[in-house]
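Asks: Numbering (this note's numbering), first residue to last: 19 to 177.
(1) Three or more C-beta pairs closer than 8 Å, one from the stretch 132-143 and one from the stretch 109-117: is that the case here?
(2) Using a threshold of 8 Å, state whether the C-beta atoms of residue 91 and residue 132 are closer than that.
(3) For residue 109, does the three-state DSSP call read helix, strand or coil?
(4) State the start and end residues of the unbroken alpha helix (DSSP H) segment that holds residue 149.
(5) As a quick exercise: from 43, 34 and 25, pick the residue whose alpha carbon is nearest that of residue 135.
(6) Is DSSP giving residue 60 helix, strand or coil here?
(7) Is it buried or exposed, residue 177, if we count other Cβ atoms within 10 angstroms and call 16 or more buried?
(8) Answer with buried or exposed for residue 160, where buried requires no fewer than 16 other C-beta atoms within 10 angstroms of its C-beta.
(9) What are the boundary residues of the alpha helix (DSSP H) that residue 24 is part of?
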């Protein structure tokens, strides 16, 4: 199974993206009174004994067990490169490999967008979101470099 540097980088990105399922993707801060009731209009002068509570959202929690379409989209957003890369390296038919290669930037962009939306609406992005979006970005950049390299090689052969 021959691999160039770009394919190795894509495999590393796929592994990092899958690991992000286990990392906190967002956090939410709120203040509570001593009884544990949330305070909507917190100020230190008004509520001196209030405590800060930070909750973290982990993508893996939504997948135990997956109940809705949204849960399956979360799984897809984090593990999509694995079946694509397996398809590209294990399937013999060139047409199937080419379809998988053409799907890569669509999945990378869609996954990055979905992770961004999931981590930033009504919450603050956390380490898992930053790592996942970065892994998607690097994966997409490697794909673009492979595309440009193929165009360059084709142009050189024709001239």
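Every residue gets a Cβ at the ideal spot worked out from N, C-alpha and C, and that includes glycine.
Replies: In short:
(1) With a cut-off of 8 Å, the stretch 109-117 and the stretch 132-143 do not count as touching, because too few Cβ pairs lie within range.
(2) Yes. Within cutoff.
(3) In this structure, residue 109 counts as coil in the three-state DSSP scheme.
(4) Element bounds for residue 149: 145-176.
(5) Closest by alpha carbon: 43.
(6) The DSSP-derived three-state label of residue 60 is coil.
(7) By the neighbour-count rule (16 or more Cβ atoms within 10 Å), residue 177 is not buried but exposed.
(8) Burial is judged here by how many other beta carbons sit within 10 angstroms of a residue's own beta carbon; residue 160 has at least 16 and is buried.
(9) Boundaries of the alpha helix (DSSP H) around residue 24: 23-37.
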